[in-house]
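Heads up: the structure comes next, in structure tokens.
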């Protein structure tokens, strides 16, 4: 299943979020405990417009507080790249994650 994970990560890097979701979902079925895979799929869901699905997955990570901090930075990164749509998705996901797991 490492090939599916790799394919999904490459698709995520190429902003081919639909392909990333398909590959990472298949890989996750084979290795559901893989935290890095769950994180990648969570972000793929968010960037693909499925913020509730992504947040639900990210909230299960051992380091979900770190992910919450990352989601606060993503809007700036996406705005710099001219992707206001993805910046808004990051803001939405951050709000959803905070509602599930408020910061300490």
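Residue numbers (our numbering): 148 to 251.
For glycine and all other residues, C-beta sits at the position ideal for the given N, C-alpha and C.
Give the straight-line distance between the Cα atoms of residue i and residue j, rounded to the nearest whole angstrom.
i, j, result
"residue 175", "residue 202", "16 Å"
"residue 163", "residue 214", "21 Å"
"residue 156", "residue 187", "7 Å"
"residue 246", "residue 154", "32 Å"
"residue 233", "residue 194", "6 Å"
"residue 161", "residue 216", "23 Å"
"residue 171", "residue 197", "14 Å"
Output needed for residue i: all residues of its chain with C-beta closer than 8 Å, excluding positions within five of it in sequence on either side, in chain order.
i, result
"residue 199", "243"
So the candidates are the options; which of them puts its Cα closest to the Cα of residue i?
i, options, result
"residue 180", "240, 204, 241", "204"
"residue 183", "197, 158, 210, 169", "210"
What whole-angstrom Cβ distance do residue i and residue j have, given they're in contact under 8 Å?
i, j, result
"residue 191", "residue 218", "Not confirmed; about 14 Å, so no contact."
"residue 185", "residue 208", "6 Å"
Please classify residue i as buried or exposed, where buried requires at least 16 other C-beta atoms within 10 Å of its C-beta.
i, result
"residue 151", "buried"
"residue 177", "exposed"
"residue 228", "exposed"
Starting from the C-beta of residue i, find all residues in its chain whose C-beta is less than 6 Å away, skip the five residues before and the five after it, and write them out in chain order.
i, result
"residue 238", "222"
"residue 169", "none"
Go through its chain and collect everything with a Cβ distance to residue i's Cβ below 7 Å, but skip five positions before and after it.
i, result
"residue 165", "195"
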